[in-house]
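Okay, so the sequence shown: first residue is 0 according to numbering that gives the first Met the number 0, each after it adds one.
Cβ atoms here follow ideal geometry from the backbone N, Cα and C, with glycine treated the same way.
Treat the numbers as computed from the prediction; the structure is a model and nothing was measured.
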Amino acid sequence: MLKKITIATCTALSISAALTISASASAETITIATVNNGDMITMKELSSDFEAKHPDIDLKWVTLEENILRQRVTTDVATKGGQYDVMTIGTYEVPIWGKQGWLTELDGLGEDYDEEDLLPAIRSGLSINDKLYAAPFYGESSMVMYRTDLLEKAGLEMPTKPSWKFIRQAAKAMTDKEAGVYGICLRGKAGWGENTALITAMSNSFGARWYDENWKPQFNTQEWKDTLQYYVDVMDESGPPGASSNGFNENLALFQTGKCGMWIDATVAGAFVTNKKDSEVADKVGFAMAPDMGLGKRGNWLWAWTLAVPSSSQKSDAAQKFISWATSKEYSALVAKEKGWAAVPPGTRTSLYENPKYMEAAPFAEITLASIESVDPKNPTVKPVPYVGVQFVAIPEFQGIGTAVGQQFSAALAGKMTVEQALSNAQRLVDRAMRKARYPK
Numbered sequence: 000m001l002k003k004i005t006i007a008t009c010t011a012l013s014i015s016a017a018l019t020i021s022a023s024a025s026a027e028t029i030t031i032a033t034v035n036n037g038d039m040i041t042m043k044e045l046s047s048d049f050e051a052k053h054p055d056i057d058l059k060w061v062t063l064e065e066n067i068l069r070q071r072v073t074t075d076v077a078t079k080g081g082q083y084d085v086m087t088i089g090t091y092e093v094p095i096w097g098k099q100g101w102l103t104e105l106d107g108l109g110e111d112y113d114e115e116d117l118l119p120a121i122r123s124g125l126s127i128n129d130k131l132y133a134a135p136f137y138g139e140s141s142m143v144m145y146r147t148d149l150l151e152k153a154g155l156e157m158p159t160k161p162s163w164k165f166i167r168q169a170a171k172a173m174t175d176k177e178a179g180v181y182g183i184c185l186r187g188k189a190g191w192g193e194n195t196a197l198i199t200a201m202s203n204s205f206g207a208r209w210y211d212e213n214w215k216p217q218f219n220t221q222e223w224k225d226t227l228q229y230y231v232d233v234m235d236e237s238g239p240p241g242a243s244s245n246g247f248n249e250n251l252a253l254f255q256t257g258k259c260g261m262w263i264d265a266t267v268a269g270a271f272v273t274n275k276k277d278s279e280v281a282d283k284v285g286f287a288m289a290p291d292m293g294l295g296k297r298g299n300w301l302w303a304w305t306l307a308v309p310s311s312s313q314k315s316d317a318a319q320k321f322i323s324w325a326t327s328k329e330y331s332a333l334v335a336k337e338k339g340w341a342a343v344p345p346g347t348r349t350s351l352y353e354n355p356k357y358m359e360a361a362p363f364a365e366i367t368l369a370s371i372e373s374v375d376p377k378n379p380t381v382k383p384v385p386y387v388g389v390q391f392v393a394i395p396e397f398q399g400i401g402t403a404v405g406q407q408f409s410a411a412l413a414g415k416m417t418v419e420q421a422l423s424n425a426q427r428l429v430d431r432a433m434r435k436a437r438y439p440k
């Protein structure tokens with residue numbers, strides 16, 4: 000009798016093991032391309048929750064630096080390469096790629112996804128004819144993050160809505176180069192989503208624009224000279240050495256280690272600079288709206304890092320299940336449980352800003368929402384323009400020309416050319432690109 004029971008038990012175990020192996024062998028693998036930002040790293044860390052709920056889906060991650068990610072996914076989607084099933088792309092790409100048929104409509108997110116809860120300003124930029132082509136993982140504008148202790152020591156008080164004049168004054172006052180403390184950190188790394196994004200948003204508040212109503216480049220104007228001269232001067236006076244190589248992640252590290260008095264950048268950074276685990280100055284950070292010049296436009300942008308399915312993917316159903324999980328209210332609750340409410344990806348859902356636990360835990364939440372809601376992508380500049388977009392121009396050619404212009408700006412910051420030379424080069428290369436693309440169309 001004992002032998003029979005033992006044999007039966009072993010047989011049952013063998014069958015169970017065989018079924019497990021069979022299920023594993025038949026699991027569908029989806030490849031996710033994403034950026035190496037903190038919130039995406041958290042998404043990867045917590046993805047075991049998704050895999051536990053979907054044992055028939057395996058996840059393969061490709062995590063890249065921002066500029067490299069953009070190059071790879073753009074090449075893949077344009078050539079229909081099919082390397083990725085889920086792509087991390089931004090507000091710039093979604094409407095352009097969606098209209099070109101490169102993205103799959105997200106109609107499989109599930110009945111409980113609550114698409115209506117997405118912030119209107121974010122959702123509208125990801126939709127074509129009211130159909131969603133990407134789901135926002137986090138949304139952002141830009142704001143001033145500053146050291147309250149250093150500003151107090153300098154005898155200054157940050158206004159909720161500061162001017163660029165005050166920013167320069169405060170940056171000088173907080174700079175102590177001998178102690179390795181620099182009054183301001185700004186993006187200098189070349190890239191249409193790096194320094195060009197920051198400086199274009201700045202230029203809007205200075206009264207500049209990329210093109211006039213007839214698509215003629217405007218880099219030979221006084222407004223652009225004022226913008227770029229201010230940027231170079233304030234960084235020369237109060238910025239860290241090697242700033243022309245610094246992007247979002249580099250400046251984040253500088254701020255978290257106490258080397259920056261102010262940092263003007265993405266609102267999503269609020270959670271990182273106030274995280275006591277990672278930031279040495281977590282309890283000494285204040286927030287303010289992006290600066291202005293009194294012309295009616297602030298120097299802030301509008302962006303969302305989103306998850307989308309390329310039309311070349313053969314695994315759309317599985318990909319949409321993952322996207323639904325990663326951008327859901329339930330995911331926010333999971334992050335809150337594991338990391339705290341302040342770490343929840345911001346700027347996507349109305350319900351998050353109606354949650355008192357989040358508002359209490361996130362001192363940057365109010366400024367983030369106000370910054371997002373204050374931006375008008377259809378009217379981004381003081382003067383009229385023929386394009387949509389705040390820190391970018393929503394045309395297919397912008398990736399190339401935006402990065403080329405960013406290289407000129409970075410060279411000016413590094414002292415390799417003058418502001419006048421950088422703007423002259425920008426005017427020439429943009430004019431040539433627009434002629435080649437046959438604008439106006």
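For residue i, the nearest candidate out of the options (CA to CA)
i, options, result
"V529", "A318, Q319, T159 and L351", "The structure shown has nothing for residue 529, since the chain only spans 0 to 440."
"P135", "E114, M144 and V143", "E114"
"Q217", "R434, W302, D430 and A436", "D430"
"F205", "P240, W163 and E193", "W163"
"G37", "K338, G401 and G399", "K338"
"M234", "A265, I198 and E222", "I198"
"A26", "A436, H53 and Y210", "H53"
Endpoints, alpha helix (DSSP H) assigned at residue i
i, result
"F247", "F247 to Q255"
"W324", "S315 to A325"
"M39", "G37 to L45"
"M86", "Element bounds for M86: not the alpha helix (DSSP H) but the beta strand (DSSP E), V85 to G89."
Residues near residue i by beta carbon distance below 7 angstroms, same chain, minus five either side
i, result
"S23", "Any reading at S23 must be qualified, since the residue scores a pLDDT of 49, below 50, and its modelled position is unreliable; the value itself is stated next. Excluding positions up to five away in sequence, the list is empty."
"T220", "A207"
"I6", "Caution applies to I6, whose pLDDT of 28 falls short of 50 and renders its modelled position unreliable; the model cannot decide the point."
"L253", "C184, P239 and C259"
"N194", "R186, G187, K188, G405, F408 and S409"
"W223", "S202, A207, Q217 and L422"
Expected contact under 8 angstroms - CB spacing of residue i and residue j to nearest Å
i, j, result
"Y181", "G260", "7 angstroms"
"Y91", "P344", "Not quite, the Cβ-Cβ distance comes to about 19 angstroms (not below 8 angstroms), so this is no contact."
"Y132", "E110", "The Cβ separation is near 19 angstroms, so there is no contact."
"P203", "T380", "Reading off the sequence, residue 203 comes out as Asn, not Pro. Sure, about 5 angstroms apart at Cβ, within 8 angstroms."
"M86", "S370", "Not confirmed; about 26 angstroms, so no contact."
"T305", "L125", "6 angstroms"
"W214", "P362", "W214 to P362, Cβ: 43 angstroms. No contact."
"E236", "K171", "6 angstroms"
"D84", "T33", "That pair is no contact at about 12 angstroms."
"L58", "S46", "6 angstroms"
"I56", "A317", "5 angstroms"
"G295", "I121", "That belief does not hold up - the Cβ atoms of G295 and I121 are roughly 23 angstroms apart, past 8 angstroms."
According to DSSP, residues forming a beta bridge with residue i
i, result
"P216", "Y210"
"P345", "In the DSSP output, where bridge partners are listed per residue, P345 has none listed."
"V418", "For V418, which the question treats as bridged, DSSP gives no partner whatsoever."
"L117", "R348"
"D291", "S162 and R297"
Host beta strand (DSSP E) of residue i (start-end)
i, result
"F136", "A134 to E139"
"K59", "I56 to L63"
"M288", "V284 to M288"
"E27", "E27 to V34"
"D264", "M261 to A265"
"T305", "W302 to A307"
6 angstroms Cβ shell around residue i - same chain, five flanking residues per side excluded
i, result
"A342", "A270 and V334"
"K160", "M288"
"M173", "L149, A153, G182 and G260"
"L428", "A403"
"W60", "I31 and K43"
"M166", "As written in the sequence, residue 166 is Ile, which differs from the Met given in the question. Counting only Cβ-Cβ distances below 6 angstroms, and skipping sequence neighbours, we find P290."
"K283", "R146, T147 and D148"
Interface flag, residue i vs chain B, CB-CB below 9 angstroms
i, result
"A77", "In the structure shown, chain B cannot be found, because there is only a single protein chain."
Same chain, Cβ closer than 8 angstroms to residue i, neighbours up to 5 away in sequence not counted
i, result
"I20", "Model confidence at I20 stands at a pLDDT of 43, short of 50, so the residue's coordinates are unreliable; what they give is reported in the following sentence. So the list is empty, once near-sequence residues are dropped."
"V231", "A411, L412 and V418"
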